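Take the sequence shown: its position 4, counted from the start at 1, is 4 in our numbering, and no numbers get skipped.
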Amino acid sequence: MARYRLSEPAKSDLSTVLRASEVMHGVNARTRYRALLSAALRRISSGPLGHSTVDRSELIPGVRSFHIRHCRTSSDEARVADPVHVIFYRVVEPGLVEILRLLHKRMEPSRHVGN
């Protein structure tokens, strides 16, 4: 079974993103965004080299990214209209993915991944 683990920076990113989502958009939006992030993490762990992932070895050898918009649901009540975060991760061993960071799409990854 595929697994993932969150690095300390990723744990902090996740907490910050969910808190900001609730403050800016409300509790229901936070719940929807959390569900979307959970779906993205499951998708990455089950297929870390999937077609929607991007090789980001220029940052650190073996690092990949996945924009969470690729996990949007078609259900209107559970849908996140404009997901804006990208997950950076690497496979650390067969069946285990390490989530390095969760960054806003406008953030410069080279300043936040691997530093």
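All C-beta atoms, glycine included, are put in the ideal place defined by N, C-alpha and C. All of these numbers come straight from a predicted model, not from anything done at the bench.
Between the CA atoms of residue j and residue i - distance to the nearest angstrom
i    : j    : result
S21  : Y4   : 23 Å
H25  : V86  : 19 Å
P48  : S7   : 16 Å
L100 : Y33  : 19 Å
V92  : E98  : 6 Å
R69  : M107 : 16 Å
D82  : H67  : 11 Å
Chain-order list of residues whose beta-carbon lies under 7 Å from that of residue i (same chain, five-residue window excluded)
i    : result
C71  : L36, A39, A40, R43
L102 : A10, D13, L14, V17, H85, I87
Local Cβ density within 10 Å of residue i, reported as buried at 16 or more and exposed below that
i    : result
P94  : exposed
S45  : buried
I190 : Because residue 190 is not part of the residues shown, which for the chain are 1 to 115, the question remains open.
R90  : buried
D13  : buried
V27  : exposed
V23  : exposed
V80  : buried
Contacts around residue i, its chain only, beta-carbon distance under 8 Å, and the 5 residues preceding and following it disregarded
i    : result
R181 : No answer is possible for residue 181: the residues shown for the chain start at 1 and end at 115.
Identified DSSP bridge partners for residue i
i   : result
D55 : R64
Y89 : R64, I99
Beta-carbon contacts of residue i that lie in its chain and below 6 Å, excluding the five residues immediately before and after
i    : result
K105 : V84, V86
L96  : R3
The ligand MN heavy atom lying under 8 Å from the CB of residue i
i   : result
A10 : The model depicted lacks the ligand MN and carries no ligand whatsoever.
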